[in-house]
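J.:
In mature numbering (1 follows the signal peptide of the UniProt record, and there is no 0), the protein residues as written are -25 to -1, 1 to 99.
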């Protein structure tokens, strides 16, 4: 999915720029890294941009990403990564877990993966 390839750079850039990451962690194969869950997508304030809401399934952290729809990048390197160059390609803001947003189509809300069994129906 092309969107996930585009998102790997901003997320990776945040990790690399905010903490010293051991060399072994940087060598993780991109295709084997865990995935966040895309919950919503909105039109951005400028033409050809989007705002996406992603949730970490492990702890529920919610991140909003502001991205252009199309970003030029290199062909994959030997390690399998692409290089986006010096241009800023978006931003990310994350916050602690909150309850998941209700699905827009009226379906019942998803339960977190570690929530245990669903509650029993009330006795009448």
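Glycine included, each C-beta is placed from N, C-alpha and C at the ideal position.
Take residue 40 as the anchor and find which of 9, 3, 20, 61 has the nearest alpha-carbon.
T.: One-based indexing of the chain shown puts residue 40 at position 65. The candidate whose alpha carbon is nearest that of residue 40 is 20.
J.: Between the alpha carbons of residue 11 and residue 38, how many angstroms are there, rounded?
T.: Indexing the chain shown from 1 puts residue 11 at position 36. Indexing the chain shown from 1 puts residue 38 at position 63. About 9 Å.
J.: Could you tell me the distance, in whole angstroms, from the CA atom of residue 43 to the CA atom of residue 26?
T.: Mapped onto the chain shown, residue 43 falls at position 68. Mapped onto the chain shown, residue 26 falls at position 51. Cα-Cα distance, rounded: 9 Å.
J.: Is DSSP giving residue 66 helix, strand or coil here?
T.: The residue you call residue 66 lines up with position 91 of the chain shown. Three-state DSSP puts residue 66 in a strand.
J.: Count the other CB atoms, across all protein chains shown, that sit within 10 Å of the CB of residue 60; report buried if there are 16 or more and exposed otherwise.
T.: Indexing the chain shown from 1 puts residue 60 at position 85. Exposed: under 16 other Cβ atoms inside 10 Å.
J.: For residue 13, which of 71, 49, 35, 98 has the nearest alpha-carbon?
T.: Locating residue 13 in the chain shown gives position 38, counting from the first residue. The candidate whose alpha carbon is nearest that of residue 13 is 35.
J.: Let me know if residue 30 comes out buried or exposed under the rule of 16 or more other beta-carbons within 10 Å of its beta-carbon.
T.: Here residue 30 is taken as the residue at index 55 of the chain shown, counted from 1. It is buried - the Cβ of residue 30 has at least 16 other Cβ atoms within 10 Å.
J.: Assuming residue 49 and residue 58 are in contact, meaning their beta carbons sit under 8 Å apart, how far apart are those beta carbons, in whole angstroms?
T.: Translated into positions along the chain shown, residue 49 becomes position 74. Translated into positions along the chain shown, residue 58 becomes position 83. A Cβ-Cβ separation of about 4 Å places residue 49 in contact with residue 58 under the 8 Å criterion.
J.: Which value, in whole angstroms, describes the spacing of the CA atoms of residue 45 and residue 64?
T.: As a first step, residue 45 is located in the chain shown; it is residue number 70 there, counting from the start. As a first step, residue 64 is located in the chain shown; it is residue number 89 there, counting from the start. Cα to Cα, the separation comes out at about 9 Å.
J.: With respect to the beta strand (DSSP E) encompassing residue 30, which residues constitute its N-terminal and C-terminal limits?
T.: The residue you call residue 30 lines up with position 55 of the chain shown. Its beta strand (DSSP E) spans residues 24 to 30.
J.: Could you check the C-alpha separation between residue 52 and residue 71 for me, to the nearest Å?
T.: One-based indexing of the chain shown puts residue 52 at position 77. One-based indexing of the chain shown puts residue 71 at position 96. Computed Cα separation, rounded: 34 Å.
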